[in-house]
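Residue numbering for the sequence shown follows the numbering used here, starting at 78 and increasing by one per position.
Think of the CB as a built atom: it goes at the ideal place given N, C-alpha and C, for glycine as much as any other residue.
Quick notes on the structure that follows.
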Amino acid sequence: MQPATAAPPTRSGEPLAVEVTDLRRSYGDFEAVRGISFEVRPGEVFALLGVNGAGKTSALEVLEGLATPGGGTVRVFGADPVRDRAAVRARMGMLLQSSGLPGDLTVAETVRTWAGTLSAPRDVDEAIAQVGLTGRADVRVRSLSGGERRRLDLALAVLGRPEVVVLDEPTTGLDPESRRQVWRLVQDMVDGGTAVVLTTHHLEEAEELADRVAILKAGRIVLSGTQEEIAETQPAVVRFTLDAGTPEPPVPAAVQVVSAGPRHEWHTRALQPVLAELLAWAAEHGVVLRYLQATAASLEQAFLAVAEGRVGDAA
Ligand SMILES: Nc1ncnc2c1ncn2[C@@H]1O[C@H](COP(=O)(O)OP(=O)(O)OP(=O)(O)O)[C@@H](O)[C@H]1O
78 MQPATAAPPT RSGEPLAVEV TDLRRSYGDF EAVRGISFEV RPGEVFALLG
128 VNGAGKTSAL EVLEGLATPG GGTVRVFGAD PVRDRAAVRA RMGMLLQSSG
178 LPGDLTVAET VRTWAGTLSA PRDVDEAIAQ VGLTGRADVR VRSLSGGERR
228 RLDLALAVLG RPEVVVLDEP TTGLDPESRR QVWRLVQDMV DGGTAVVLTT
278 HHLEEAEELA DRVAILKAGR IVLSGTQEEI AETQPAVVRF TLDAGTPEPP
328 VPAAVQVVSA GPRHEWHTRA LQPVLAELLA WAAEHGVVLR YLQATAASLE
378 QAFLAVAEGR VGDAA
């Protein structure tokens with residue numbers, strides 16, 4: 078487990094795109110964000126994960142300048158998103174969980190109107206094409222499907238060529254193809270040097286996009302680091318089923334037996350040698366390991382461990 082979420086110092090001297098230090102936010106007596114810290118550099122994707130109510134949106138709203146922190150600081154390229162709102166807004170694109178676009182305008186009119194408020198917008202047709210809405214350009218917003226509307230929101234979020242983009246659940250409601258289209262768009266922006274902070278309930282989205290991840294629970298960061306660092310906090314899993322009457326394999330020292338049958342489940346931090354030992358035993362004794370599965374530790378396992386209180390509940 079990583080105690081802090083400092084960005085790796087890969088490009089010395091480069092300003093931090095986002096710097097959040099000991100951020101707190103309360104609603105009345107209830108503290109929804111309880112002292113979180115993280116940094117994001119240009120060209121990096123940082124994902125905030127957590128179950129419903131963990132505090133992700135509450136934290137992002139401070140970053141977006143929509144709420145003031147109850148404690149701690151937030152800086153975007155060194156500026157305060159609330160005090161220096163105009164300066165931060167010029168460099169930031171945001172995709173909120175829900176948007177309130179006028180339903181009467183068409184897609185093209187909406188993008189054109191939005192472009193008119195920006196100093197250096199992308200080409201309107203290109204922006205519409207990038208989110209796959211070219212064929213829907215003349216359709217009124219109110220007639221769009223939920224997924225199409227989400228893609229329009231995204232087109233607007235990145236229309237001003239932002240250096241920092243905050244995406245609150247960018248692909249919720251999208252079909253798999255549209256989701257991939259959004260991932261490509263995000264990846265293109267990142268390749269161009271944009272810093273991205275995103276929340277998502279789709280772990281495969283974080284796996285696809287995020288350089289670093291923080292898993293929140295009840296307003297605190299419980300695990301953070303690269304995906305590999307987070308996954309390594311969890312054991313690998315081996316599962317197999319033995320036919321009745323088959324001898325039991327010896328349990329290697331590095332194994333914790335979670336289930337001893339009929340479906341065996343072993344947890345281990347030494348997957349390769351444990352698997353090698355098991356397979357050698359099976360070959361030697363002519364035993365079939367039915368439905369054999371070996372799963373390396375994953376971000377998903379770590380997420381579930383946090384959600385289910387197996388990690389970090391003492392915090
Ligand atoms: N306006 C509000 N007034 C009171 N409590 C609120 C308010 N907004 C959020 N909360 C509470 O703060 C906590 C964090 O909410 P938040 O929306 O930040 O979580 P989240 O991680 O973004 O959840 P989700 O994944 O469901 O979007 C929750 O317990 C929520 O009920």
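Worksheet item: For R238, which of helix, strand or coil comes out of DSSP?
Response: Translated into positions along the sequence shown, residue 238 becomes position 161. Residue state, collapsed to three classes: coil.
Discussion item. For S393 and V188, what's the separation of their Cα atoms in angstroms?
Written reply: There is no way to answer for residue 393, as the model of the chain reaches only from 78 to 392.
Worksheet item: So does A109 have its beta carbon nearer than 7 Å to some heavy atom of ligand 1?
Response: As a first step, residue 109 is located in the sequence shown; it is residue number 32 there, counting from the start. It does: the Cβ of A109 is within 7 Å (strictly closer) of some heavy atom of ligand 1.
Discussion item. Can you check which of these residues, T183, A197 and L100, is closest to M169 by C-alpha distance?
Written reply: As a position in the sequence shown, residue 169 is number 92, starting the count at 1. It is A197 whose Cα lies nearest to the Cα of M169.
Worksheet entry | R256 to E186 span [Cα, whole Å] | For the purposes of this step, residue 256 is taken as the residue at position 179 of the sequence shown. For the purposes of this step, residue 186 is taken as the residue at position 109 of the sequence shown. Spanning the two alpha carbons is a distance of roughly 24 Å.
Practice prompt. Measure the alpha-carbon distance for L280 versus Q378 and round it to whole angstroms.
Written response: In the sequence shown, the residue the question calls residue 280 occupies position 203. In the sequence shown, the residue the question calls residue 378 occupies position 301. Between L280 and Q378, the C-alpha separation is close to 10 Å.
Worksheet item: How many angstroms separate the CA atom of Q481 from the CA atom of A109?
Response: Only positions 78 to 392 of the chain appear in this structure, which leaves residue 481 out of reach.
Item to complete: With DSSP as the reference, please indicate the residues paired to W343 in a beta bridge.
Response: Numbered from its first residue, the sequence shown carries residue 343 at position 266. Paired residue(s): V315 and V334.
Item to complete: Starting from the Cα of L352, find the closest Cα among A337, R289, P326 and R340 and give me that residue.
Response: What you label residue 352 is simply residue 275 of the sequence shown in a count that begins at 1. Among A337, R289, P326 and R340, the Cα nearest to that of L352 is on P326.
Worksheet item: Is A131 near ligand 1, in the sense that its beta carbon is under 7 Å from a heavy atom of that ligand?
Response: Within the sequence shown, numbered from 1, the residue matching residue 131 stands at position 54. Flag set: Cβ of A131 near ligand 1.
Item to complete: Counting only the same chain and skipping the five closest in sequence on each side, list residues whose C-beta sits under 6 Å from that of Q258.
Response: Counting from 1 along the sequence shown, the entry for residue 258 is found at position 181. Once the five neighbours on either side are set aside, the close Cβ partners of Q258 are G209.
Discussion item. Going by C-alpha to C-alpha distance, which of D161, L143 and A136 sits closest to G149?
Written reply: By 1-based counting over the sequence shown, the position of residue 149 is 72. With distances taken between Cα atoms, G149 lies closest to A136.
Worksheet item: Quick one: Cα of E203 to Cα of D215, how far?
Response: Here residue 203 is taken as the residue at index 126 of the sequence shown, counted from 1. Here residue 215 is taken as the residue at index 138 of the sequence shown, counted from 1. Rounded to whole angstroms, E203 to D215 spans 15 Å at the Cα level.
Item to complete: Check whether the Cβ of T134 lies closer than 7 Å to any heavy atom of ligand 2, and answer yes or no.
Response: No copy of ligand 2 appears in this structure; the ligands present are ligand 1.
Item to complete: Could you tell me the boundaries of the alpha helix (DSSP H) in which A379 lies?
Response: For the purposes of this step, residue 379 is identified with residue 302 of the sequence shown, where counting begins at 1. Counting along the chain, the alpha helix (DSSP H) containing A379 begins and ends at L376 to A384.
Worksheet item: If we ignore side chains and look at the alpha-carbon of each, how far apart do E121 and E309 end up?
Response: For the purposes of this step, residue 121 is taken as the residue at position 44 of the sequence shown. For the purposes of this step, residue 309 is taken as the residue at position 232 of the sequence shown. If you take the alpha carbons of E121 and E309, they lie about 21 Å apart.
Worksheet item: Taking the Cβ atom as the reference point for each residue, do L172 and A234 lie within a distance shorter than 8 Å?
Response: For the purposes of this step, residue 172 is identified with residue 95 of the sequence shown, where counting begins at 1. For the purposes of this step, residue 234 is identified with residue 157 of the sequence shown, where counting begins at 1. Yes, these two residues count as a Cβ contact at 8 Å.
Worksheet item: Are the beta-carbon atoms belonging to A374 and A313 less than 8 Å from one another?
Response: Position 297 of the sequence shown, counting from 1, holds the residue named residue 374. Position 236 of the sequence shown, counting from 1, holds the residue named residue 313. Taking 8 Å as the Cβ cut-off, A374 and A313 qualify as a contacting pair.
Worksheet item: So what does DSSP say about A163, is it helix, strand or coil?
Response: As a working note, residue 163 is residue 86 in the sequence shown. It is helical.
Worksheet entry | Given A164 as reference, the closest of P324, R340 and P239 once Cα atoms are compared | One-based indexing of the sequence shown puts residue 164 at position 87. The shortest C-alpha separation from A164 is found at P239.
Worksheet entry | T345 versus A330 - alpha carbon distance | For the purposes of this step, residue 345 is identified with residue 268 of the sequence shown, where counting begins at 1. For the purposes of this step, residue 330 is identified with residue 253 of the sequence shown, where counting begins at 1. Approximately 9 Å between the Cα atoms of the pair.
Worksheet item: Since T183 and R217 are thought to touch, with beta carbons under 8 Å apart, how far apart are those beta carbons, to the nearest angstrom?
Response: For the purposes of this step, residue 183 is taken as the residue at position 106 of the sequence shown. For the purposes of this step, residue 217 is taken as the residue at position 140 of the sequence shown. About 6 Å; that satisfies the 8 Å criterion.
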